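Using my numbering, the letters of the sequence shown map in sequence onto residues 20 to 192.
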Amino acid sequence: MRHPGLCLVLLVLLAAPAAADDFDPASLDLAALIECRTGVPGYNGFALWLTGESGAVRELGWKEVPSGNPFLRQYRLPAPIHVFGHDTGTIVFTATGLMAVLDGVAAPDLAKELGIQATASTPDKFLGEKVVAENTEEAGGVTLATHIALNVSTVASHPGKTLAGCSYALDVK
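What follows is the structure in structure tokens.
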């Protein structure tokens with residue numbers, strides 16, 4: 020079983036030459052990170068800072084709350100943010116990215132609005148993804164394949180909610 024932070028740290032360490040010291044918390048645009056409007060270096064700088072800076076979550080004013088799902092790390096925000104046309108005060112980190120937890124919007128409707136095709140759509144589960152960027156690079160005999168995608172889903176641990184956000188996956192070969 021993977022811990023959401025482990026993949027985040029691996030991605031950060033391998034994908035870009037960002038440094039925690041380069042990130043200014045005042046520059047954080049959480050909505051841009053969630054909506055895939057931030058490039059990999061911006062996400063990596065934030066992720067490095069968040070995982071490496073003692074007290075980073077407290078500095079942001081986030082409060083970790085139980086998610087009911089071992090694959091999601093959930094936080095309550097000090098003030099709502101506006102993403103995908105909706106307000107939310109809750110976010111989750113997945114193994115590869117950051118998602119907003121939304122009320123009052125059906126996952127299939129949001130996916131259609133965002134141009135995301137469903138890969139699973141039943142009354143009990145919705146999952147959809149739209150690739151935003153893919154890139155393969157070779158460095159020092161290692162191939163790094165980056166896959167950035169906008170995702171919309173539902174999960175049993177969050178009944179009646181829609182999760183929507185950006186994943187930043189890295190495959191090292």
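We put the CB at the ideal spot given by N, CA and C, even for glycine.
Predicted model, so just to flag it, every value in this text is computed and none were measured.
Residue range of the beta strand (DSSP E) that includes residue i
{"i": "Glu153", "result": "145 to 158"}
{"i": "Ile110", "result": "105 to 112"}
{"i": "Thr165", "result": "161 to 172"}
{"i": "Thr138", "result": "136 to 140"}
{"i": "Gly116", "result": "116 to 121"}
{"i": "Pro99", "result": "92 to 102"}
Contact under 8 Å by Cβ, residue i with residue j
{"i": "Gly80", "j": "His105", "result": "no"}
{"i": "Ile53", "j": "Gly184", "result": "yes"}
{"i": "Phe42", "j": "Gly64", "result": "yes"}
{"i": "Leu121", "j": "Thr181", "result": "yes"}
{"i": "Gly108", "j": "Arg95", "result": "yes"}
Exposure label - residue i; buried when at least 16 CB within 10 Å
{"i": "Leu157", "result": "Looking at the sequence provided, one finds Glu at residue 157 rather than Leu. With fewer than 16 Cβ atoms within 10 Å of its Cβ, Glu157 is classed as exposed."}
{"i": "Gln136", "result": "exposed"}
{"i": "Thr155", "result": "exposed"}
{"i": "Val174", "result": "buried"}
{"i": "Glu78", "result": "exposed"}
{"i": "Thr162", "result": "exposed"}
{"i": "Gly116", "result": "buried"}
{"i": "Ser46", "result": "exposed"}
{"i": "His177", "result": "buried"}
{"i": "Met20", "result": "Any answer about Met20 is weak, because its pLDDT of 35 lies below 50 and its placement is not dependable; what the coordinates show is given next. Its Cβ having fewer than 16 others within 10 Å, Met20 is exposed."}
Under the three-state DSSP convention, the category residue i falls into
{"i": "Val191", "result": "strand"}
{"i": "Lys82", "result": "strand"}
{"i": "Thr70", "result": "helix"}
{"i": "Ala34", "result": "Confidence in Ala34 is poor, its pLDDT being 43 and thus under 50, which makes the residue's placement too unreliable to answer from."}
{"i": "Gly179", "result": "coil"}
{"i": "Gly184", "result": "strand"}
{"i": "Pro89", "result": "coil"}
{"i": "Arg77", "result": "helix"}
{"i": "Gly58", "result": "coil"}
{"i": "Val52", "result": "Looking at the sequence provided, one finds Leu at residue 52 rather than Val. Correct three-state label for Leu52: helix."}
{"i": "Phe65", "result": "helix"}
{"i": "Asp43", "result": "coil"}
Where the alpha helix (DSSP H) through residue i begins and ends
{"i": "Glu132", "result": "126 to 133"}
The stretch 72 to 87 contacting the stretch 146 to 154, beta-carbon criterion three pairs below 8 Å: no
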